[in-house]
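Notes follow the structure.
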Amino acid sequence: MDKVITSAKEAVSDIADGASLAVGGFGLSGVPNALIEAVHEAGVGGLHVVSNNCGALDSGLAVLLAAGRIARVTGSYIGANAEFARQYLAGELEVELIPQGTLAERLRSGGHGIPAFFTPAGVGTQVAEGGMPWRYHPDGTVALASPARETRVFHGVEYVLEESITTDFALVRAAVGDRHGNLVFTKSARNFNPLAAMAGRTTVAEVERLVEPGEIDPDHVHLPGVFVQRVVELTPQQAADKKIEFRTVRGRAE
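Residue numbers (the working numbering): 2 to 255.
Printed below as a string of structure tokens:
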């Protein structure tokens, strides 16, 4: 039952070229940076990544993206990641953009053994009708487009069928974890981490603070250890390293 692994390097050592990864985090919040860096150092490539976005400010998944290690991204947000946009438009990267809530539910469903579900999100758009560019040719023409999806009407409302997502591995970050893999997330870092963890066949969690089994009140557990196979304790320096994407301040009132 002790799932603690000595190092991030060891914890991701069996991730191979072409593996699929569900990665937690939103922007710079709750991103498993130590595990991502270990994957980068391992030199694997051709990765299929499922994450809300693909890193920011040259951190998180942006490290793998800049190194050309990612072949496909399933996500919801490109944002200000200029390299992400460049690779996509240049035909170097396959990208499936889907509504954010749909992404969350596809991950959750994968973790709960639900193969597919119907949702109204995307009805009447290329999400349902197909034709959304997944990959471009270098000349800007579409090389691969999304297929049309099945739709059905329930009680007079049209819905589109979305398939669940499962991945070979999941990389997540938690504030507290115990040796059995039970995890607690803090505030907005809870975002996509529990969902990504559920979707991974092998889930690796980096934790800012490691505690012994029983120290976490069962009512405070956000993700049960049944979804987690490996736990890596961060160093104090790694745990404290939390970047800010946009800093907004105002002057003091006189």
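Ideal Cβ placement from N, Cα and C applies to all residues, glycine included.
Asked	Found
Would you mind reading off the limits of the beta strand (DSSP E) that contains residue 33?	Run containing residue 33: none; DSSP gives neither H nor E here.
Report the residue from 244, 185 and 190 whose alpha carbon sits nearest the alpha carbon of residue 221.	185
Alpha carbon to alpha carbon, how far is residue 146 from residue 157?	29 angstroms
Going by CA-CA distance only, name the one from 78, 62 and 89 that's closest to residue 99.	78
Are the CB atoms of residue 245 and residue 200 within a distance shorter than 8 angstroms?	no
Indicate the three-state DSSP secondary structure (helix, strand or coil) for residue 11 in the structure shown.	helix
Could you spell out where the alpha helix (DSSP H) holding residue 102 opens and where it closes?	101-112
Please report the Cβ distance between residue 198 and residue 31, rounded to the nearest whole angstrom; I am assuming they are in contact, meaning their Cβ atoms lie under 8 angstroms.	With 8 angstroms as the limit, residue 198 and residue 31 do not qualify as a contact, their Cβ atoms being about 11 angstroms apart.
Going along the chain, which unbroken runs of the beta strand (DSSP E) with 3 or more residues stay wholly within the region 154-221?	158-164, 168-179 and 201-212
Report yes if the CB atom of residue 216 is closer than 8 angstroms to the CB atom of residue 179, and no otherwise.	yes
What whole-angstrom Cβ distance do residue 61 and residue 29 have, given they're in contact under 8 angstroms?	7 angstroms
Quick check: the Cα distance between residue 142 and residue 73, rounded to an integer number of angstroms?	18 angstroms
Do residue 233 and residue 35 have their beta-carbon atoms positioned less than 8 angstroms apart in this structure?	yes
Return the chain-ordered list of same chain residues with a C-beta closer than 6 angstroms to the C-beta of residue 203, the five sequence neighbours on each side being excluded.	170 and 230
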